[in-house]
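A short write-up of the structure that comes next.
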Amino acid sequence: MHETMVAQSLMVIITEQAAKNDAKPVAAKISCGTLNPVNDESLRFAFEAIAKDTPCEGVKLQVEHKPLRARCKNCDQNFDVELSHPECPMCGGDDFELQPDAPLILEEIEFQTESRYEKS
Ligand SMILES: [Zn+2]
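Okay, so the sequence shown: first residue is 1 according to this note's numbering, each after it adds one.
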């Protein structure tokens, strides 16, 4: 299951960073794309299950879903694709080039202290 694998790799990184910062992680923010999204509920469930009795127990996961971007070949407009209604918002054209889907990224881990790990 996709979410279980994601949860496991998240936990590895969070545990590493927690050890490095010598702080208890309280929350983590991740972002993912549109074509291969993670299911928020499944991910939280999987994470809770494997984080039990570890320093990651109780970490709150926040998932940001990034829209799919495209560039219109007719008017050169860059826009967010509505999957239910894929057309250029400027000219209404449907001849556009899809940009690569956003990868799954761990954006930020929040620790109990003020120190933060931020991915550059
Ligand atoms: Zn257009």
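Think of the CB as a built atom: it goes at the ideal place given N, C-alpha and C, for glycine as much as any other residue.
Notebook entry, point to check: Which residues in the same chain as phenylalanine 111 place their Cβ atom closer than 6 Å to its Cβ, once the five residues preceding and following it in sequence are excluded?
Noted result: Numbered from its first residue, the sequence shown carries residue 111 at position 111. Cβ neighbours of phenylalanine 111 beyond the five flanking positions: Asn21, Ala23, Pro25.
Next item on the list: Please confirm whether aspartate 80 and leucine 61 have their CB atoms less than 8 Å apart.
Entry: Counting from 1 along the sequence shown, the entry for residue 80 is found at position 80. Counting from 1 along the sequence shown, the entry for residue 61 is found at position 61. Cβ atoms of aspartate 80 and leucine 61: not closer than 8 Å.
Margin query: Taking the alpha helix (DSSP H) that serine 42 belongs to, which residues open and close that run?
Written below: In the sequence shown, the residue the question calls residue 42 occupies position 42. Unbroken alpha helix (DSSP H) run through serine 42: 40-51.
Notebook entry, point to check: Any idea what DSSP makes of proline 67, helix, strand or coil?
Noted result: Counted from its first residue, the sequence shown places residue 67 at position 67. Three-state result, proline 67: coil.
Check: With distances taken from CA atoms, which of Leu98, Leu104, Arg44, Lys52 is nearest lysine 66?
Finding: Residue numbering aside, residue 66 sits at position 66 when the sequence shown is read from its first letter. Comparing Cα positions, the closest option is Leu104.
Check: Which residues have a Cβ closer than 5 Å to any heavy atom of ligand 1, listed in chain order?
Finding: Cys72, Asn74, Cys75, Gln77, Cys88, Met90, Cys91, Gly93
Checklist line | Per-residue DSSP class, three states only, for glutamine 62 | finding: Residue numbering aside, residue 62 sits at position 62 when the sequence shown is read from its first letter. Strand.
Next item on the list: Hey, could you find the ends of the alpha helix (DSSP H) alanine 27 is sitting in?
Entry: As a first step, residue 27 must be located in the sequence shown, where it is residue number 27. Counting along the chain, alanine 27 falls outside any alpha helix (DSSP H), though it belongs to the beta strand (DSSP E) covering 25-32.
Next item on the list: Have a look at phenylalanine 83 and threonine 34 and give me their C-alpha separation to the nearest angstrom.
Entry: Start at 1 with the first residue of the sequence shown, and residue 83 comes out as number 83. Start at 1 with the first residue of the sequence shown, and residue 34 comes out as number 34. The sequence as given places leucine at residue 83; phenylalanine does not occur at that position. One Cα belongs to leucine 83, the other to threonine 34, and the distance between them is close to 9 Å.
Notebook entry, point to check: Leaving out five residues before and five after methionine 11 in sequence, what residues of the same chain have Cβ atoms less than 8 Å from its Cβ?
Noted result: On the sequence shown, residue 11 is found 11 positions in, with the first residue counted as 1. Within the same chain, methionine 11 has close Cβ partners Phe47, Ile50, Ala51, Thr54, Cys56.
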